[in-house]
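S.K.: Residue numbers (our numbering), protein chains in the order written: chain W, 1 to 214; chain X, 215 to 428. Beta carbons: idealized from backbone N, C-alpha and C, even for Gly. Computed from a predicted model, the values in this text were never measured in an experiment. Got a structure for you, questions after.
There are 2 protein chains.
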Amino acid sequence: MSQPRNREQTEQRILAAVGEVLAREGFTGIGVNAIAKQAGVDKVLIYRYFGGLPALLAVWGRSGQFWPRVEDLIAEQPDVLTLPPPERLTRFFSHFIDALRRRPLTLEVLAAELVARNELTAVLEEERERWGQAVATLLGGDDAALWQDHIGATTVLIAGVQYLLLRARKIRRFGAYDLHSDASWDALKASIAAYAQATLVRPEPAGHARQDKP
Amino acid sequence: MSQPRNREQTEQRILAAVGEVLAREGFTGIGVNAIAKQAGVDKVLIYRYFGGLPALLAVWGRSGQFWPRVEDLIAEQPDVLTLPPPERLTRFFSHFIDALRRRPLTLEVLAAELVARNELTAVLEEERERWGQAVATLLGGDDAALWQDHIGATTVLIAGVQYLLLRARKIRRFGAYDLHSDASWDALKASIAAYAQATLVRPEPAGHARQDKP
DNA sequence: TCCATTTGTCACTACGCAGTGACAGTATAA
DNA sequence: TTATACTGTCACTGCGTAGTGACAAATGGA
């Protein structure tokens, strides 16, 4: 019944248990008791090895990559940078939605951030700030000025996608959409694509219109 | 120190205390002990008069109107229905943002819905579903077909605004924006306005409103 | 006046939580 | 071999929570 005497392994057990408890019970179920029980380890070791629950969460947050890496969002299309801006934005959103729908743990943490701040959310905040920079670079591409005109609406759209994904976990409907159905998400992707086509182009149609071809 | 013997008044005290505790400690601080203490009443009366915490929350949810009524979002401009669609959408978003920024209690409940379902969130869900219908009618106005084409993007924008307002409570930055500054919100409103101008128009037969794909 | 019901108070149980002190077994270094 | 540090277990305190039973005081009807 007693654990092998191996601190390294025990620490890994505890770290793994954090994710397991989070996945099973959600953020409100997180606590030293639950984590220790899940790890099959005495809770005092959490204090001894990590210094308490907040410090443990910080370590866990740094170890796992729940946030989709920007590269993964465009991986299947490595020449995405050569696409015209509307297609680029469309593909980005499509992959972003799919990636987040596959990451329930990310959504759990994302939801927790809205309710309470703690060591974990602080760690993830830095991480995502860097992510935002990378996305801006990706979407801006070779025409940063064009992108600049649409950064506001696109920011709200990114926020909106995240919010709808969070709501989907607990509440099925939002306005006209059933957030549990793939068809709804396809429709939303199509709407965003239409938005991109309609707006993400150089404003002057006549005269010195600039083509978005390389 | 004993309360006057007046059930009606005591019930009102308890209901008021729900909102007070929610405002002061947030949703995680809600509990029979805290509510009873706030109301200056013994907690057993919560069970006796309301049947427990979930039932109390349901009553409270029905009694208060924290969600901005659609009429209030356009009150200062009663002839909003005569405005062209882009201006109509722009005004709606501007008022919607301002209204929610003035309702911390609404945001608290909105955030709670993302984490846990309970009697309160169920009640509010019905309420907001009706709200969504009213908004659709308002924005659609006399040209439901036009609106239909943009319902998806607008839905995501509404969701995005709500999400940014929720994040602002705990996390100051989102992408390029400081969510605590009025200037950021003005910029976001302007971006939404630009989106509305660019997309929410009738495709003219020979007009330049919508640009063709290359 | 008498009695039943209602209103409000108090004391209590049972539970889960965070955190800690004491202890036993094991590895390691002198 | 002996002393020391380390790893893991157990039992415990203290706190806050939800929920309940017993009781005192006031009300209102017969």
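At least one CB of chain W closer than 9 Å to the CB of Val375/X: is that the case?
M.R.: yes
S.K.: Write down the C-beta distance between Leu334/X and Leu379/X rounded to the nearest angstrom, noting that I regard them as a contact closer than 8 Å.
M.R.: With a Cβ gap of about 19 Å, Leu334/X and Leu379/X do not count as contacting.
S.K.: In the DSSP output, what is Asp178/W paired with across the bridge?
M.R.: Arg173/W
S.K.: Between the segment 380-403 of chain X and chain W, which residues of the former have CB atoms less than 7 Å from a CB of the latter, in chain order?
M.R.: Here the close residues are Leu380, Arg381, Lys384, Ile385, Arg387, Phe388, Gly389, Ala390, Tyr391, Ala401 and Leu402.
S.K.: So the candidates are Ala116/W, Val21/W, Arg103/W and Gly152/W; which of them puts its Cα closest to the Cα of Trp67/W?
M.R.: Arg103/W
S.K.: Does the segment 218-225 of chain X come close enough to the segment 303-315 of chain X that 3 or more CB-CB pairs lie under 8 Å?
M.R.: no
S.K.: Can you name, in chain order, every residue of its own chain whose Cβ lies under 7 Å from the Cβ of Gly26/W, other than the five neighbours on each side?
M.R.: Glu108
S.K.: Given this structure, state the Cα-to-Cα distance separating Ala55/W from Val21/W, to the nearest angstrom.
M.R.: 17 Å
S.K.: Check each candidate in Ala190/W, Ile158/W and Leu188/W and name the one with the smallest Cα separation from Ala390/X.
M.R.: Ile158/W
S.K.: Go through its chain and collect everything with a Cβ distance to His208/W's Cβ below 7 Å, but skip five positions before and after it.
M.R.: Caution applies to His208/W, whose pLDDT of 44 falls short of 50 and renders its modelled position unreliable; the value that the coordinates give is listed next. Excluding residues within five positions, none has a Cβ falling inside 7 Å.
S.K.: Establish whether the CB of Gly152/W and some CB of chain X are separated by less than 9 Å.
M.R.: yes
S.K.: Terminal residues of the continuous alpha helix (DSSP H) containing Phe96/W?
M.R.: Pro85 to Arg101
S.K.: Out of Arg172/W, Leu124/W, Gln38/W and Asp182/W, state which residue places its alpha-carbon closest to the alpha-carbon of Ala336/X.
M.R.: Minimum Cα distance to Ala336/X is reached at Arg172/W.
S.K.: Considering Cα atoms alone, identify which of His364/X, Arg381/X, Asp392/X and Trp399/X is closest to Tyr409/X.
M.R.: His364/X
S.K.: Consult DSSP for Leu328/X and reduce its assignment to one of helix, strand or coil.
M.R.: coil
S.K.: First and last residue of the alpha helix (DSSP H) that includes Ile30/W?
M.R.: Neither: Ile30/W is in no alpha helix (DSSP H) and is coded neither H nor E.
S.K.: Residues in the same chain with beta-carbon distance under 7 Å from Ile30/W, minus the five sequence neighbours each way, listed in chain order, please.
M.R.: Val21 and Leu22
S.K.: Closer than 8 Å to a non-hydrogen atom of the ligand ATP - does that hold for the CB of Leu338/X?
M.R.: In the structure shown, the ligand ATP is absent, as is every other ligand, since no ligand is present at all.
S.K.: For the alpha helix (DSSP H) that contains Thr137/W, what are its first and last residues?
M.R.: Glu119 to Gly140
S.K.: Below 8 Å, how does it come out for the segment 395-414 of chain X and the segment 303-310 of chain X: are there three or more Cβ pairs, yes or no?
M.R.: yes
S.K.: Our contact map puts Val284/X next to Leu352/X with C-beta atoms below 8 Å; I'd like the distance itself, whole angstroms only.
M.R.: 6 Å
S.K.: Take the Cβ of Glu127/W as the centre, count every other Cβ of all protein chains shown within 10 Å, and call the residue buried at 16 or more, exposed below.
M.R.: Glu127/W comes out exposed.
S.K.: Excluding the 5 residues flanking Glu327/X on each side, which residues of the same chain have their C-beta closer than 6 Å to its C-beta?
M.R.: Thr335
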